[in-house]
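Following: one structure in structure tokens, then a few remarks.
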Amino acid sequence: AYTVPNTLPLVCCPESWVRQIVIHLLNNSIRFTEAGGEVWVTVEDEEDEDSLVLNVKDTGVGIPANELPHIFEHFYRGRQPNQEEGAGLGLTIVQQLLLYCGGRISVESQPNTGTHFKVRLPLYRD
């Protein structure tokens, strides 16, 4: 499911980078959410924060607290049983792209409940 306003402000991040950020976050959410689970994407304009907020939430397997500090490390793949294959670079790429354009990412997660990634992209100002 998704919720996106009809009009969005410009952000200080190339469109291709935003696309890559969304693709990597969605791939992770879909990969770690079992059939019948849900993935939500919402976009909000938080002008008081001078940022556009992209939320990607899921009802997937979640991330154990002891793994959260490592999920943005190169080649880190976690320790989930029956984990899908992957290079362990998706979240690293997301974090690096956000670093280059002045954005940030945060994550909240509970095992067996799901994960919520919140991306803040700086708004473009004349």
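According to our numbering, the sequence shown is numbered sequentially starting from 4.
Quick reminder that beta carbons are idealized off the backbone N, C-alpha and C, glycines included.
Since the structure is predicted, the reported quantities are computational estimates derived from the model, not experimental observations.
Checklist line | Counterpart residues of Pro125 in DSSP-defined beta bridges | finding: Against the sequence shown, residue 125 aligns to sequence position 122. Per DSSP, Ser54.
Next item on the list: Give a yes or no on whether the minimum CB-CB distance between Val97 and chain D is below 9 Å.
Entry: No chain D is part of this structure, which consists of one protein chain only.
Notebook entry, point to check: Considering only residues of the same chain and omitting the five flanking positions on each side of Val59, which have a CB-CB separation below 6 Å?
Noted result: For this step, residue 59 is matched to residue 56 along the sequence shown. Closer than 6 Å at the Cβ level, and outside the excluded window around Val59, lie Leu28, Ser32, Val44, Phe120.
Next item on the list: Verify the contact flag: Pro67, CB atom, against every heavy atom of the ligand GDP, threshold strictly below 8 Å.
Entry: The ligand GDP is absent from the structure shown, which contains no ligand whatsoever.
Next item on the list: List the whole-angstrom C-beta distance separating Thr62 from Thr36, where the pair is believed to meet the contact cut-off of C-beta under 8 Å.
Entry: To locate residue 62, count along the sequence shown from 1; it is residue 59. To locate residue 36, count along the sequence shown from 1; it is residue 33. Their Cβ separation, rounded to whole angstroms, is 6 Å, which keeps Thr62 and Thr36 in contact under 8 Å.
Checklist line | Distance CB(Val64)-CB(Val122) smaller than 9 Å | finding: As a position in the sequence shown, residue 64 is number 61, starting the count at 1. As a position in the sequence shown, residue 122 is number 119, starting the count at 1. No, the Cβ-Cβ distance between Val64 and Val122 is not below 9 Å.
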